Amino acid sequence: MIRRQTGMTKIKNMEEFAALSGISRPTVSKYFHDPDSVRPTTRARIEAALERFDYRPNIYAVNQNRKLTKNIGIVVPYLADPFFAEIARYLEQSCIAAGYRPSLFSSHGEQKLENEILDGLQSMKPAGVLLAPLGRVSDRSAIEKFCATVPTVLFDSNLDGLGAAFIGSDNFSFVSQTVEYMTRTGEPPSFFEMRTPANPNANKRRKAYVEVMERLGFEPHIIKVDGKGWAFEEIGHKGALKVLAENELRTNSVLCSNDRLAIGFLAACYEQGIRVGRRDDCALRLASNDDHPFAKFTCPSLTTAAHDYDNVAGRSVETLFELIESGGKFETRSETLFPARLVLRDSA
Numbered sequence: 001m002i003r004r005q006t007g008m009t010k011i012k013n014m015e016e017f018a019a020l021s022g023i024s025r026p027t028v029s030k031y032f033h034d035p036d037s038v039r040p041t042t043r044a045r046i047e048a049a050l051e052r053f054d055y056r057p058n059i060y061a062v063n064q065n066r067k068l069t070k071n072i073g074i075v076v077p078y079l080a081d082p083f084f085a086e087i088a089r090y091l092e093q094s095c096i097a098a099g100y101r102p103s104l105f106s107s108h109g110e111q112k113l114e115n116e117i118l119d120g121l122q123s124m125k126p127a128g129v130l131l132a133p134l135g136r137v138s139d140r141s142a143i144e145k146f147c148a149t150v151p152t153v154l155f156d157s158n159l160d161g162l163g164a165a166f167i168g169s170d171n172f173s174f175v176s177q178t179v180e181y182m183t184r185t186g187e188p189p190s191f192f193e194m195r196t197p198a199n200p201n202a203n204k205r206r207k208a209y210v211e212v213m214e215r216l217g218f219e220p221h222i223i224k225v226d227g228k229g230w231a232f233e234e235i236g237h238k239g240a241l242k243v244l245a246e247n248e249l250r251t252n253s254v255l256c257s258n259d260r261l262a263i264g265f266l267a268a269c270y271e272q273g274i275r276v277g278r279r280d281d282c283a284l285r286l287a288s289n290d291d292h293p294f295a296k297f298t299c300p301s302l303t304t305a306a307h308d309y310d311n312v313a314g315r316s317v318e319t320l321f322e323l324i325e326s327g328g329k330f331e332t333r334s335e336t337l338f339p340a341r342l343v344l345r346d347s348a
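Residue numbers (the UniProt record's numbering): 1 to 348.
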């Protein structure tokens with residue numbers, strides 16, 4: 001039985017109230033913006049929970065929020081990438097459910113365009129922004145200036161100290177799980193990546209590969225292929241053809257930095273008549289990272305490490321709503337990382 005709060009346990013914010021009352025965070029936020037905007041049965045549940053827990057929101061913060069626009073900006077590096085398309089879909093739906101109007105932008109991997117998007121967002125006077133920055137090619141000073149005036153939560157790619165919070169995936173857990181699995185079930189893998197990766201998480205994955213291989217007592221072997229931009233499948237295909245032609249592989253195992261590179265690698269193997277998979281009649285094992293929506297439909301299907309899409313997106317949007325209701329500032333900046341999940345399929 002849930003007891004009424006009497007001061008022994010004080011509910012600090014709307015997020016805690018939502019969790020205790022069993023009502024979704026966006027729905028609670030929507031109610032406090034306009035009680036008539038939720039269904040009568042839902043309104044009755046919320047008001048009963050308010051009475052039960054003796055919770056009263058920060059009226060000043062709620063009134064301040066009503067003076068803000070209902071606009072929420074969502075910025076991703078490359079919307080054509082299925083990962084960002086999937087997470088953006090979740091973020092948009094969550095914002096709409098909470099009564100906000102999301103606007104989605106893609107910087108297409110260009111620093112100049114990312115800066116222009118941020119300039120345009122300032123003129124929209126958004127209630128808040130969810131930003132997945134380009135990472136190492138971002139204009140740090142421009143983003144710092146933006147975050148100083150607009151409540152901003154970073155996701156996917158972290159820029160230390162910028163934004164009120166960061167939510168993302170633990171890149172070390174991706175690589176540690178795939179490397180440990182491959183070394184446990186066969187020969188240690190070479191690491192296949194772009195020489196100049198566009199993906200902001202690629203460098204973290206390479207470092208994790210080296211660390212895990214050395215910890216397990218194996219010599220790391222990194223294969224860097226040429227190519228710029230976000231056409232990862234094409235870059236992986238061309239790079240793999242060259243690697244296979246020049247016999248660069250030291251073992252029969254390959255770990256790709258991301259699934260899109262792996263899809264290109266699989267195509268190159270098919271063209272060269274190289275059978276990929278974990279069966280005895282296969283010449284090569286291939287694993288990867290991300291769990292691209294098409295990874296289970298490749299031939300063979302890709303063994304990979306999967307993002308926790310729901311938790312990354314869900315925590316990002318919940319944190320932004322909490323930030324807005326806190327007047328646009330937190331006492332301290334927080335960072336939250338969600339581990340990957342190993343998905344075993346036929347390629348390794």
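Where is the CB? At the ideal position from N, CA and C, for every residue including glycine. Treat the numbers as computed from the prediction; the structure is a model and nothing was measured.
Nonlocal neighbours in the same chain, by C-beta distance under 8 Å from residue i, ignoring five residues either side
{"i": "Tyr181", "result": "Ala287, Thr303, Leu342, Leu344, Ala348"}
{"i": "Gln111", "result": "Leu134, Val137, Ser138, Asp139"}
{"i": "Asn252", "result": "Gly186, Glu187, Ala283, Leu284, Arg285"}
{"i": "Tyr281", "result": "Checking the sequence shown, residue 281 turns out to be Asp, not Tyr. Cβ within range, chain order: Arg275."}
{"i": "Lys204", "result": "Asn171, Phe172"}
7 Å Cβ shell around residue i - same chain, five flanking residues per side excluded
{"i": "Arg279", "result": "none"}
{"i": "Glu15", "result": "Arg25, Glu318, Glu322"}
{"i": "Pro35", "result": "Arg43"}
{"i": "Thr196", "result": "Lys228"}
{"i": "Cys299", "result": "none"}
{"i": "Lys311", "result": "The sequence given here places Asn at residue 311; Lys does not occur at that position. The answer, listed in chain order, is Phe338."}
{"i": "Gly40", "result": "Residue 40 is actually Pro in this sequence, not Gly. If we look at Pro40 and ignore the five residues flanking it on each side, it has no Cβ neighbours."}
Run of the alpha helix (DSSP H) containing residue i, from where it starts to where it stops
{"i": "Leu113", "result": "111–124"}
{"i": "Thr41", "result": "40–53"}
{"i": "Ser94", "result": "82–97"}
{"i": "Phe17", "result": "14–21"}
Cutoff 8 Å: residue i Cβ touching any chain D Cβ
{"i": "Arg278", "result": "Among the protein chains of the structure shown there is no chain D, as only one such chain exists."}
Given residue i as reference, the closest of the options once Cα atoms are compared
{"i": "Leu337", "options": "Leu134, His307, Gly328", "result": "His307"}
{"i": "Thr164", "options": "Lys145, Leu320, Arg101, Glu92", "result": "Here the sequence assigns Ala to residue 164, which means Thr is not the residue at that position. Nearest option by C-alpha distance: Leu320."}
{"i": "Ser334", "options": "Asp346, Phe166, Phe84", "result": "Phe166"}
{"i": "Ala98", "options": "Ala198, Lys228, Gly314", "result": "Gly314"}
{"i": "Glu92", "options": "Ala80, Ser173, Leu130", "result": "Leu130"}
{"i": "Gly217", "options": "Ser169, Arg184, Lys329", "result": "Arg184"}
{"i": "Ser257", "options": "Phe174, Lys296, Cys147, Gly327", "result": "Phe174"}
{"i": "Pro339", "options": "Gly161, Phe172, Thr149", "result": "Phe172"}
{"i": "Glu114", "options": "Glu86, Tyr90, Glu144", "result": "Glu144"}
{"i": "Ala85", "options": "Lys70, His108, Tyr100, Asp170", "result": "His108"}
{"i": "Asp170", "options": "Phe146, Glu214, Lys207", "result": "Lys207"}
{"i": "Ala49", "options": "Ile23, Pro40, Ile274", "result": "Ile23"}
{"i": "Ala19", "options": "Phe53, Lys242, Val243", "result": "Phe53"}
{"i": "Cys95", "options": "Ser123, Gly128, Ala80, Asp81", "result": "Gly128"}
{"i": "Arg89", "options": "Gly328, Tyr55, Ser316, Thr332", "result": "Ser316"}
{"i": "Asn71", "options": "Ser103, Tyr270, Asp81", "result": "Ser103"}
Segment limits, beta strand (DSSP E) that includes residue i
{"i": "Cys341", "result": "Strictly speaking, residue 341 in this sequence is Arg, with Cys absent from that position. Counting along the chain, the beta strand (DSSP E) containing Arg341 begins and ends at 341–343."}
{"i": "Pro102", "result": "101–106"}
{"i": "Asn71", "result": "71–76"}
{"i": "Asp191", "result": "In the sequence under discussion, the amino acid at residue 191 is Phe, which differs from the Asp named in the question. From DSSP, the beta strand (DSSP E) with Phe191 extends over 190–194."}
{"i": "Glu335", "result": "334–338"}
{"i": "Gly328", "result": "Gly328 -> no beta strand (DSSP E), and no H or E assigned at all."}
Beta-carbon contacts of residue i that lie in its chain and below 6 Å, excluding the five residues immediately before and after
{"i": "Ser29", "result": "Ala98, Phe321"}
{"i": "residue 353", "result": "Any question about residue 353 goes unanswered here, given that the chain covers just 1 to 348."}
{"i": "Phe105", "result": "Val75, Ile117"}
{"i": "Asp346", "result": "Gly277, Pro300, Ser301"}
{"i": "Thr6", "result": "In this prediction, Thr6 has a pLDDT of 41, which is less than 50 and means its spatial position is unreliable; what the coordinates show is noted afterwards. Excluding residues within five positions, none has a Cβ falling inside 6 Å."}
(request) Can you check the segment 226–309 for any beta strand (DSSP E) of at least 3 residues that lies completely inside it and give the ranges in chain order? (result) 253–256, 285–290, 303–306
(message) Quick test of the definition: if touching needs 3 or more C-beta pairs under 8 Å, does the segment 151–165 touch the segment 174–189?
(response) no
(message) Does the segment 182–202 come into contact with the segment 242–261, if we say contact requires no fewer than three beta-carbon pairs (one atom in each stretch) closer than 8 Å?
(response) yes
(message) For the pair the segment 192–204 and the segment 217–225, tell me if three or more CB-CB distances fall below 8 Å.
(response) yes
(message) Taking 8 Å as the cut-off, does the segment 257–264 touch the segment 227–247 (at least 3 CB pairs, one atom from each stretch)?
(response) yes
(request) Evaluate contact between the segment 115–135 and the segment 72–84, counting only Cβ atoms and requiring at least three cross-stretch pairs below 8 Å. (result) yes
(message) I'd like the ranges of any beta strand (DSSP E) spanning at least 3 consecutive residues and lying wholly in the segment 137–173.
(response) 152–155, 165–169
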